[in-house]
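Below is one structure; the comments refer to it alone.
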Amino acid sequence: MAPRTAAAPATDAAAALLGALIECGVRHVVVSPGSRSQALALVAAEFEARGALSMHVRIDERVAGFTALGIGRETGMPAAVVCTSGTAVANLLPAALEAHHAGIPMLLLTADRPPELRGVGANQTTRQPGMYAPNVRWEADLPAPDVTDPDGTSEQTAILRHVAGEALRAALGSGTRAPGPVHLNLPFRERLAGEL
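Residue numbers (my numbering): 951 to 1146.
Printed below as a string of structure tokens:
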């Protein structure tokens, strides 16, 4: 089911994660474009071209967050909102708080620098893991993908598929928890990971 835009670890990881979310029932992705999140945006566009989901592009991250919030409110299923790394991630906080307080499912997919480039004093190295705590139902700071996986059988792909299922269950409200936002922080080594 995974689309193929280019052979790159970030692209294959994005395809595995978004493909698994689609299999779980996610039908909307809201993208606020940026270089670090390019793999997610290109894969989402390819899934949209196949009719597997609807992609909504919003240049402003705050608007993207509230678009995803509205989709979740109307459909009862979380929309995935994608943004690039750095301070862009903070702009999703207002919508995440609204989702938390109102019990609306939402998936926050934030692209990030790989761990070795975090906290080095460079511009846009905002610490993203834990940014939305304690207002998310579940969160994960995933490992940076380091292998291509053209046939979808790597351990990396299996982990991403498992994370997608856990994220969706948490966003929809598992156990005694109400639905709400879930944060998946996705570090990518390739800033640009596909054909433009």
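Every residue gets a Cβ at the ideal spot worked out from N, C-alpha and C, and that includes glycine.
- Residue range 959-973 is occupied by the alpha helix (DSSP H) that includes Thr-961.
- Here the alpha carbons of Gly-1020 and Ala-999 stand approximately 23 angstroms from one another.
- In the three-state scheme derived from DSSP, where H, G and I count as helix and E and B as strand, Ala-1090 is classed as strand.
- Taking a contact to require three or more Cβ pairs closer than 8 angstroms, the segment 1011-1019 and the segment 986-993 do not qualify as touching.
- Under the Cβ criterion (8 angstroms, minimum of three pairs), the segment 1023-1033 does not count as touching the segment 1086-1103.
- Distances from the alpha-carbon of Leu-1067 to those of Ala-958, Leu-992, Ala-1117, Pro-1137 put Pro-1137 closest.
- When rounded, the separation of the alpha-carbon atoms in Ala-1030 and Ala-1061 is 13 angstroms.
- Using a Cβ distance threshold of 7 angstroms, Pro-1084 and Pro-1129 do not count as a contacting pair.
- For Asn-1085, the secondary structure class from DSSP, reduced to helix, strand or coil, is coil.
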